[in-house]
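Residue numbers (our numbering): 23 to 88.
The structure appears right after this line, and notes come after that.
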């Protein structure tokens with residue numbers, strides 16, 4: 023459904039779906055918290071997530087729609 027996501031972005035989405043914080047994701051993926059924030063920003067742009075909506079909420083709604 024969202025073919026433009028890279029494997030890394032998909033992995034970050036999965037971790038966000040599990041309600042992990044940016045800091046926890048950074049630790050698991052061996053990246054800085056700033057890098058994780060940048061990836062999440064790219065995900066939000068690609069998926070056209072409104073600023074008013076949390077990324078986790080959007081992902082939960084998107085996955086439960088199918």
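Note that the Cβ used here is the ideal one computed from N, Cα and C, for glycine as well.
The structure displayed is predicted, hence computed values, not measured ones.
{"query": "At which residues does the alpha helix (DSSP H) containing residue 49 begin and terminate?", "result": "44-51"}
{"query": "Alpha carbon to alpha carbon, how far is residue 37 from residue 67? Give it in angstroms, no decimals.", "result": "18 Å"}
{"query": "At what residues does the alpha helix (DSSP H) containing residue 83 begin and finish?", "result": "77-87"}
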